[in-house]
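Chemist:
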Amino acid sequence: MPLVSMRQLLDEAAKGGYGVGAFNVNDMEQIQAIMAAAKETKSPVIVQASRGARKFAEDLYLFKLIQAAAELNPEIPIAMHQDHGNSFETCKSAIELGYTSVMMDGSLKEDGKTPATFEENVTVTKKVVDYAHERGVTVEGEIGVLGGVEDGHGAGGTGLEHLTDPDQAVEFAELTGVDALAIAIGTSHGAYKFTKKPDGSVLKMDVLIAIHKRLPNTHLVMHGSSSVPKDLQDVINQYGGKLKETWGVPVEEIQLGIRNGVRKINVDTDNRLAMTGAIRKVLWESPEKFDPRDYMKPAREAMQKVVAQRMTQFGQAGHAGDYAPIAITEIAKGYANGTLSTQPLVAAR
Ligand code: 13P
192 MPLVSMRQLL DEAAKGGYGV GAFNVNDMEQ IQAIMAAAKE TKSPVIVQAS
242 RGARKFAEDL YLFKLIQAAA ELNPEIPIAM HQDHGNSFET CKSAIELGYT
292 SVMMDGSLKE DGKTPATFEE NVTVTKKVVD YAHERGVTVE GEIGVLGGVE
342 DGHGAGGTGL EHLTDPDQAV EFAELTGVDA LAIAIGTSHG AYKFTKKPDG
392 SVLKMDVLIA IHKRLPNTHL VMHGSSSVPK DLQDVINQYG GKLKETWGVP
442 VEEIQLGIRN GVRKINVDTD NRLAMTGAIR KVLWESPEKF DPRDYMKPAR
492 EAMQKVVAQR MTQFGQAGHA GDYAPIAITE IAKGYANGTL STQPLVAAR
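When you line the sequence shown up against my numbering, it's residues 192 to 540, in that order.
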């Protein structure tokens, strides 16, 4: 099956009332782990690469691996997404490679660190939307600023400094015509999100619900959504790691989000933890080993287990065969003739 439009995946998820995990990749083993989990659970899937990942793996290697994944798993709808594009050029280069979806993170300036103004965000995001939609490619925008730093991208901080304002979210969706909207509700990238199990004072599900009420048909995106489970932390620390005590986003809060318009859930850290724990275990228990396959195979299996679990928890499991993929060229026509709406439904306050 060719790569699928992310818009189609999210529209289908909205119809079915479930969320779709978007898993970050840098290399072959991670792509294989995601595809094995998608096959095992019969899930549609979003695979995403940050700018850092594209640089690490080199664009062509990474994209050919995704094409191989699509060829080897014709029954699985796969969208390939640029995570946190920092500029029009980054998004354009992903589209030229064949990505079916891009995130224009205009919440930050091009340096990927400094918060941008609302006007700057709208201008660059709209430019990407116009370019991408002409080519049938999906666009995710961001309003509000997440906490933490991932692959050198991020404003840092706790995630509470620049929460999304629901009124601004409405204005942003109307002015840009994005297909999906990432919002800031107190989450941050990486392992260190919360110092205790998060409650409403730090994880603002009320903000998410308020945005969903105003934008009932807009696909919302939760970034920084790893749960950072204690058992994965424990494996790392048991075999020589030094992670400090930390909490992520509880799965039940993500499920509450899914009941309130969240259709894309970004997960990277949990997979990194799972792989690192598995590698540490092998090298700790068998220090004589030196064949990378001895630790990459268990690492790949550990990641598959986490991804399959999330696919089930997010509700996408079992939905791979629900629909036939629409060609990207047809999606482009849909944007052009208005059958694929780019204007959000806005509910009165
Ligand atoms: P985590 O660091 O919580 O996995 O978040 C990943 C993410 O949001 C990628 O954009």
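We put the CB at the ideal spot given by N, CA and C, even for glycine.
Using a threshold of 7 Å, is the CB atom of Arg-457 nearer than that to any non-hydrogen atom of the ligand 13P?
Modeler: As a first step, residue 457 must be located in the sequence shown, where it is residue number 266. Residue 457 is actually Asn in this sequence, not Arg. Yes; taking the cut-off as 7 Å, the Cβ of Asn-457 has a heavy atom of the ligand 13P nearer than that.
Chemist: Could you tell me whether the Cβ atoms of Leu-337 and Gly-345 are closer together than 8 Å?
Modeler: Within the sequence shown, the letter at position 146 stands for residue 337. Within the sequence shown, the letter at position 154 stands for residue 345. Yes, they are a contact pair.
Chemist: Label Trp-475 either buried or exposed according to how many other C-beta atoms from any shown protein chain fall within 10 Å of its C-beta, with 16 as the threshold for buried.
Modeler: As a first step, residue 475 must be located in the sequence shown, where it is residue number 284. So Trp-475 counts as exposed.
Chemist: Measure the alpha-carbon distance for Ala-229 versus Ala-248 and round it to whole angstroms.
Modeler: Along the sequence shown, read from residue 1 onward, the residue named residue 229 stands at position 38. Along the sequence shown, read from residue 1 onward, the residue named residue 248 stands at position 57. Roughly 22 Å between the two C-alpha positions.
Chemist: If I follow the unbroken alpha helix (DSSP H) through Glu-280, where does it start and stop?
Modeler: Reading the sequence shown from its first residue, position 89 is the one you call residue 280. Per DSSP, Glu-280 belongs to the alpha helix (DSSP H) from 279-288.
Chemist: Tell me which same chain residues have a C-beta within less than 6 Å of the C-beta of Ala-490, skipping the five on either side of it?
Modeler: Numbered from its first residue, the sequence shown carries residue 490 at position 299. The answer, listed in chain order, is Met-466, Ala-469 and Ile-470.
Chemist: Within 10 Å of its beta-carbon, does Arg-242 have 16 or more other beta-carbons around it, so buried, or fewer, so exposed?
Modeler: Translated into the one-based positions of the sequence shown, residue 242 becomes position 51. Arg-242 should be labelled buried.
Chemist: For the stretch 251-264 against the stretch 291-310, are there 3 or more C-beta pairs whose distance is under 8 Å?
Modeler: They do not touch, by the three-pair rule.
Chemist: The beta strand (DSSP E) that contains Gly-276, what's its start and end?
Modeler: Counting from one through the sequence shown, the residue named residue 276 turns up at place 85. Counting along the chain, the beta strand (DSSP E) containing Gly-276 begins and ends at 269-276.
Chemist: Measuring only the C-alpha atoms, how far is Ile-522 from Arg-326?
Modeler: Position 331 of the sequence shown, counted from the first residue, corresponds to residue 522. Position 135 of the sequence shown, counted from the first residue, corresponds to residue 326. Rounded to the nearest angstrom, the two C-alpha atoms are 8 Å apart.
Chemist: Note down, one range per segment and in chain order, each alpha helix (DSSP H) of at least 4 residues found wholly within the stretch 342-396.
Modeler: Listed in chain order, the complete alpha helix (DSSP H) runs (minimum 4 residues) inside the stretch 342-396 are 357-367.
Chemist: At which residue ranges does the stretch 443-478 contain complete beta strand (DSSP E) runs of 3 or more residues, listed in the order of the chain?
Modeler: Entirely contained in the stretch 443-478, the beta strand (DSSP E) runs reaching 3 residues are, in chain order, 453-458.
Chemist: Pull the bridge partners of Phe-505 from the DSSP assignment, please.
Modeler: Here residue 505 refers to the residue found at position 314 of the sequence shown. Bridge partners of Phe-505: none, in fact.
Chemist: Residues bridged to Ser-237 by DSSP?
Modeler: Mapped onto the sequence shown, residue 237 falls at position 46. Before going further, note that residue 237 is Ile rather than Ser in the sequence given. Paired residue(s): Ala-213 and Ala-270.
Chemist: Do Thr-460 and the ligand 13P come close, with the Cβ less than 7 Å from some heavy atom?
Modeler: Along the sequence shown, one-based indexing puts residue 460 at 269. Correct: Thr-460 has its Cβ closer than 7 Å to the ligand 13P.
Chemist: Whole angstroms is fine: what's the gap from Arg-450's alpha carbon to Gly-415's?
Modeler: To locate residue 450, count along the sequence shown from 1; it is residue 259. To locate residue 415, count along the sequence shown from 1; it is residue 224. Straight-line Cα distance between these residues: approximately 18 Å.
Chemist: Whose C-alpha, out of Leu-263, Asn-277 and Leu-253, is nearest the C-alpha of Gly-289?
Modeler: Taking the first residue of the sequence shown as position 1, residue 289 is located at position 98. It is Leu-253 whose Cα lies nearest to the Cα of Gly-289.
Chemist: Give the DSSP-derived three-state secondary structure of His-510 in the structure shown.
Modeler: Here residue 510 is taken as the residue at index 319 of the sequence shown, counted from 1. It is coil, neither helix nor strand.
Chemist: Under a three-way DSSP split, which group does Pro-306 fall into?
Modeler: Residue 306 sits at position 115 when you count from the first residue of the sequence shown. Strand, per DSSP.
Chemist: To the nearest angstrom, how far is the alpha carbon of Glu-333 from that of Val-393?
Modeler: Along the sequence shown, one-based indexing puts residue 333 at 142. Along the sequence shown, one-based indexing puts residue 393 at 202. Their backbone Cα atoms lie some 19 Å apart in a straight line.
Chemist: Roughly how many angstroms lie between the CA atoms of Val-216 and Asp-459, to the nearest whole one?
Modeler: Here residue 216 refers to the residue found at position 25 when the sequence shown is read from its first residue. Here residue 459 refers to the residue found at position 268 when the sequence shown is read from its first residue. Their backbone Cα atoms lie some 8 Å apart in a straight line.
Chemist: Considering only residues of the same chain and omitting the five flanking positions on each side of Lys-421, which have a CB-CB separation below 6 Å?
Modeler: The residue given as residue 421 occupies position 230 in the sequence shown. None.
Chemist: Leaving out five residues before and five after Val-442 in sequence, what residues of the same chain have Cβ atoms less than 7 Å from its Cβ?
Modeler: Position 251 of the sequence shown, counting from 1, holds the residue named residue 442. Result list for Val-442: Ser-418 and Gln-504, in chain order.
Chemist: For Tyr-383, which residues of its own chain have a beta-carbon under 6 Å away from its beta-carbon, when the five flanking residues on both sides are left out?
Modeler: Along the sequence shown, read from residue 1 onward, the residue named residue 383 stands at position 192. Here the set comprises Thr-437.
Chemist: How many angstroms separate the CA atom of Gln-534 from the CA atom of Val-361?
Modeler: Residue 534 sits at position 343 when you count from the first residue of the sequence shown. Residue 361 sits at position 170 when you count from the first residue of the sequence shown. Taking the straight line joining both Cα atoms gives about 10 Å.
Chemist: Cβ-heavy atom distance between Asn-215 and the ligand 13P below 7 Å?
Modeler: Along the sequence shown, one-based indexing puts residue 215 at 24. Because some heavy atom of the ligand 13P lies under 7 Å away, the Cβ of Asn-215 counts as near it: yes.
Chemist: Going by alpha carbons, who is nearest to His-410 out of Pro-478, Ile-376, Ala-307 and Val-330?
Modeler: As a position in the sequence shown, residue 410 is number 219, starting the count at 1. Comparing Cα positions, the closest option is Val-330.
Chemist: Can you tell me whether Glu-311 sits near the ligand 13P, meaning its C-beta is under 7 Å from at least one heavy atom of the ligand?
Modeler: Within the sequence shown, numbered from 1, the residue matching residue 311 stands at position 120. For the ligand 13P, not one heavy atom lies less than 7 Å from the Cβ of Glu-311.
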